[in-house]
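For the record, the sequence lines run as chains A and B. Using this note's numbering, you'd call the opening residue of the first sequence number 79 and step up by one each time. Using this note's numbering, you'd call the opening residue of the second sequence number 1097 and step up by one each time. All C-beta atoms, glycine included, are put in the ideal place defined by N, C-alpha and C.
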Amino acid sequence: MPTLSKKWKFGALLGILVLALALRAAACFLIDRADKDAVEYIRTAEYLVAEGPAVAFERNPRMPPLYSTLIAAGEWSGAGAYCSGYAISVLFGALLVLPVFFLSRALFGEAVGLAAAFICATHPYFIKTSAEIIRDSLFLFLLFSSLALAFTGIKNFSLTKWFLAGLCCALAALTRSEGSEIIFAAILWTLCCFVLQLFDQRQRPEMRKSLAGLLFLLLGFATLCYPAERYLQAVGSTWGPFDARFVKLVVGFANVTRQEAVEMESK
Amino acid sequence: MAALLSISMWFALLERIMKASHPVILILGVIGLVFAVRGFRARHGRGWWKALLSEPSLLFLLAFALVDLAVRLLPFFAGVPYQDRYFLPLATLVTIFAAKAVLELIPRIHARLKHFKGVTFERVFVACFAGIFLMNTVKALLPHFDKPEVNAVAKTVKHLCPPGVKPVLISSFPDPRYAYYADAQYLSFAETDDLVPGAKLSCRQSGQDFKPVIKLADMRFDAPAEFLLALKNRRVLAPTLEFDWGANPPEEVSVVAANYQKAKPGGYAPPSPPPGTDGVKSWRLLHQGPAPLSLTLPLAKYRLLLITVRPAAGKTWTLNSLALDFSPPWQICAPGVGERCGDWVSIGLPAGLDKLQGNLTKLGGSNVFVLTENMTEEELERAFAAKRAQSPLQLVYSYQKKKGKKTLNLYQFKAE
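See below:
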């Protein structure tokens, strides 16, 4: 495997980032229409600027607000909601290579980190998603930032990283409600650590670390989510960090017949 | 949970994961996972899985993968409309393992090819990444100019709309992009997909499937009969249920609509509505006389329709046909806000094709445009003729993607 100096590694990562940005920006010009959902984000952003949050979020009270708010910032600055929507998707779509790099570096080493960042930068589906006015690229960046921070937080035992992971997780939940899955993963992980230490006493310190990590993750999550939820509720939004519709999904999953599921899938 | 047993669902799932993560990258990801496990086994020997479980960071990644998979699979198997992009977090994880696979495969490829002249490790390395780059970017940068009609409709609306007034675009299908690009007010007809009558209807009676409209051809009954209709589209506002009794009408017809259903081996279980339960509505009719009976049902949120027909004591009754007419009610609606978000809400205009002229006049003049899908100009003319009304619409743009495929027609309101 070719070995690179630290300077070259940084250069390679920067090059991959620029490549990701260029590919996503180019893809924007190769699509003749925005996504169906794009109209809703743009309209909400326009209403946010023109009429304020109460009117904007009345249009779709369940909508997680972060993506529309970022577009609204672009609209407010004069760039226009339409262009801002594309710019945010392109920017965060390209930035996704960073958490992927850090996560894979922590998992398999520097070379795999760079290779994963390269594959991520050139991945056709990620490019396509980043060239649309949809929240997925922002969501993926925040979700994987949170995951990478939590992962490195475990490896190096850094409570600051756990706290930052909680902040990123909250931002991901403010983009898509699935963002809070990091919290569930951390709870499941802590439970696993608890069970393991029952069988192996040597795991007890790990158990304590996992509890501390979970605590700081929740703290970071609540630091952003709690005030955001309170504010949004005051302006008529029904957004919450945990989507209540998930319970309905579980019920639907339990009750749906095979025939219905197949019909829905083929539709 | 029965959906988990469907093999076709699992194949569909695999297809979606493949689409979201690119087939080659998915295969590389699986290879990378195998390499990673082998590496772990080589480092830790026989008790490698114990070592894996006692490695907290790997355990966390595993927990994340499991939770993410569960969050993605639940809606898929619950029959909720699903898009490939929901698998993007999984696809992102796959890229990490794909990278591992590529870096593990490069030395192996080099070892195989090194006896060829000029094949160096660096060249194999560059060739592999160049291959990945080409494979990915060629697919990513293919132009997607597949919706020319969106811009064409917008251009036509902007061109034909009188100056100084905002255009109004009423579409027969939910796609806000046409109105957005035309800078028009977005309205829709209440029913969207049901321009083909009966297309969304299936009926079960005694275990038999009837599609789409039940033609019974003078079926005779001497006992109460039950028909269960499953409405596939919940957004139907006012379909018409029509019975043709023939010569011997039954004594009593009762219709129960419910928005829940239970699975039962061999088919649907008839809904047994508990009294006063929300989501269940029943109509009890005492039929009088042999004339065909029709019934308009406001079924906005119901999925099941149970029709029970009872004969008079000791008598036989006949049924020639039973049809649930999904002809569009042509009720103009606006996107709901607040609690009605996601629904279409009435804007106080009466339903019916014969009322369309009056409704469009209330909305404006020649700034009002109607967009229909899957309905030709002739079919629309016929629909107006059936209502003994004259069409107030003039075709201004038509688009057919492929011969025999859906037709998109844009009409402008001819204000008198």
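Given that residue i touches chain B, what residues does it touch there, using C-beta distances under 7 Å?
| i | result |
| --- | --- |
| A/V178 | T1188, T1191 and I1192 |
| A/S182 | I1192 and A1195 |
| A/E136 | V1433 and G1434 |
| A/W267 | L1155, F1156 and A1159 |
| A/F262 | V1163 |
| A/Q281 | S1150 |
| A/I232 | P1152, S1153 and F1156 |
| A/L225 | F1160 |
| A/A193 | A1195, V1198 and L1199 |
List, in chain order, every chain A residue whose beta-carbon is nearer than 9 Å to that of residue i.
| i | result |
| --- | --- |
| B/N1247 | D110 and R111 |
| B/L1504 | What B/L1504 touches in chain A: nothing, since even the nearest Cβ is about 14 Å away. |
| B/S1117 | H201 and Y203 |
| B/H1240 | A105, L108, I109, D110, R111, K206 and A209 |
Between residue i and residue j, how many whole angstroms is the CB-CB distance? I'm expecting something under 8 Å.
| i | j | result |
| --- | --- | --- |
| B/L1489 | B/F1509 | 6 Å |
| A/F217 | A/G257 | 7 Å |
| B/K1196 | B/A1147 | That belief does not hold up - the Cβ atoms of B/K1196 and B/A1147 are roughly 18 Å apart, past 8 Å. |
| B/L1110 | B/F1193 | Contact doesn't hold; Cβ gap of about 17 Å is too wide. |
| A/L165 | A/F179 | Contrary to the premise, residue 165 of chain A reads as Ala rather than Leu in this sequence. Their Cβ separation, rounded to whole angstroms, is 22 Å, which puts A/A165 and A/F179 out of contact at 8 Å. |
| B/Y1507 | B/A1248 | No, B/Y1507 and B/A1248 are not in contact; Cβ-Cβ is about 14 Å, not under 8 Å. |
| A/G314 | A/F135 | 6 Å |
Measuring CA to CA, which of the options is closest to residue i?
| i | options | result |
| --- | --- | --- |
| B/K1262 | B/S1494, B/R1204, B/A1481 and B/G1461 | B/G1461 |
| A/Q275 | A/F262, A/L289 and A/T238 | A/L289 |
| B/I1103 | B/K1483, B/F1173, B/P1203 and B/L1476 | B/F1173 |
| B/Y1282 | B/W1440, B/L1101, B/A1481 and B/A1479 | B/W1440 |
| A/G298 | A/L237, A/Y309, A/S162 and A/L126 | A/L237 |
| A/C271 | B/E1474, B/F1156 and B/P1431 | B/F1156 |
| B/P1244 | B/A1108, B/Y1276, B/A1481 and B/K1497 | B/K1497 |
| B/A1187 | B/P1259, B/L1124, B/M1471 and B/V1433 | B/L1124 |
| B/P1185 | A/I260, A/V328 and A/K326 | A/I260 |
| A/S361 | A/R323, A/G314, A/A251 and A/F204 | Nothing about residue 361 of chain A can be reported from this structure: the residues present for chain A run from 79 to 345 only. |
| A/Y304 | A/S162, A/C247 and A/V168 | A/C247 |
| B/I1443 | B/P1171, B/D1450 and B/A1430 | B/A1430 |
| A/G93 | A/V168, A/A150, A/D115 and A/A172 | A/A172 |
| B/P1259 | B/N1463, B/V1198, B/K1213 and B/P1171 | B/N1463 |
| B/L1122 | B/T1457, B/E1435, B/L1170 and B/I1228 | B/I1228 |
| B/H1118 | A/I205, A/R323 and A/V273 | A/I205 |
| A/V329 | B/A1485, B/E1200, B/P1171 and B/F1221 | B/P1171 |
| A/L227 | A/F235, A/K239 and A/N234 | A/K239 |
| A/V168 | A/D115, A/A123 and A/C106 | A/C106 |
Going along chain B in order, which residues have a C-beta closer than 8 Å to the C-beta of residue i?
| i | result |
| --- | --- |
| A/L218 | L1184, P1185 and T1188 |
| A/L101 | T1233, A1236 and L1237 |
| A/C353 | Within the shown structure, residues of chain A are numbered from 79 to 345, placing residue 353 of chain A beyond reach of any answer. |
| A/F299 | By Cβ distance, chain B contributes nothing, its closest Cβ being about 15 Å from A/F299, past 8 Å. |
| A/S288 | P1152 |
Just to make sure I have the definition right: I need the residues of chain A whose C-beta is within less than 7 Å of the C-beta of residue i. Which are they?
| i | result |
| --- | --- |
| B/R1219 | In chain order: nothing, as chain A lies at least about 11 Å away. |
| B/E1278 | Per the sequence presented here, residue 1278 of chain B reads as Ala, with Glu not at that position. Under the 7 Å cutoff, chain A gives no residues; its nearest Cβ is about 12 Å from B/A1278. |
| B/K1243 | D110 and R111 |
| B/V1167 | E256 and E259 |
| B/F1229 | T200 |
Which residues does DSSP pair with residue i in a beta bridge?
| i | result |
| --- | --- |
| B/F1285 | B/I1428 |
| B/E1111 | BP columns for B/E1111 are empty, so no partner. |
| B/F1221 | For B/F1221, which the question treats as bridged, DSSP gives no partner whatsoever. |
| B/Q1508 | B/F1465 and B/Q1490 |
| A/T230 | The partner list for A/T230 (beta bridge, DSSP) is empty, contrary to what the question assumes. |
| B/S1153 | DSSP output for B/S1153 lists no bridge partner at all. |
| B/T1503 | B/Q1496 |
| A/S223 | BP columns for A/S223 are empty, so no partner. |
Strictly below 8 Å CB to CB, what residues from chain A border residue i?
| i | result |
| --- | --- |
| B/C1437 | R137, N138, P139 and R140 |
| B/F1509 | Near B/F1509 there are no residues of chain A at all, since even the closest Cβ is about 23 Å away, more than 8 Å. |
For a contact defined as C-beta to C-beta under 8 Å, what are the partners of residue i on chain D?
| i | result |
| --- | --- |
| A/V190 | Checking the listed chains, one finds no chain D in this structure; the protein chains it contains are A and B. |
Taking Cβ-Cβ distances shorter than 9 Å, what residues in chain B pair up with residue i?
| i | result |
| --- | --- |
| A/K114 | P1270, D1271, P1272 and R1273 |
| A/T207 | R1181 and L1184 |
At a cut-off of 7 Å, would you count residue i as near the ligand NAP, judging by its Cβ distance to the nearest heavy atom?
| i | result |
| --- | --- |
| A/T301 | Absence of the ligand NAP is noted for the structure shown, with no ligands found whatsoever. |
Stretch pair the stretch 206-225 of chain A + the stretch 113-124 of chain A: three plus CB contacts closer than 8 Å: yes
message: Count Cβ pairs between the stretch 1265-1272 of chain B and the stretch 1461-1478 of chain B that sit closer than 8 Å; are there 3 or more?
response: yes
- prompt: With a cut-off of 8 Å, do at least 3 Cβ pairs link the stretch 180-200 of chain A to the stretch 124-141 of chain A?
  reply: no
message: Between the stretch 288-306 of chain A and the stretch 241-249 of chain A, can you find at least three pairs of beta-carbon atoms closer than 8 Å?
response: yes
message: Three or more C-beta pairs under 8 Å: does that hold for the stretch 158-175 of chain A against the stretch 1160-1167 of chain B?
response: no
- prompt: Three or more beta-carbon pairs under 8 Å between the stretch 269-283 of chain A and the stretch 1141-1159 of chain B, yes or no?
  reply: yes
- prompt: So, do the stretch 1238-1255 of chain B and the stretch 219-227 of chain A have three or more beta carbon pairs nearer to each other than 8 Å?
  reply: no
task: Kindly confirm or deny that the stretch 188-198 of chain A and the stretch 85-95 of chain A touch, where touching means at least three C-beta pairs closer than 8 Å.
output: yes
query: Would you call the stretch 251-268 of chain A and the stretch 138-151 of chain A touching, i.e. three or more CB-CB distances under 8 Å?
result: yes
query: With a cut-off of 8 Å, do at least 3 Cβ pairs link the stretch 1224-1240 of chain B to the stretch 100-116 of chain A?
result: yes
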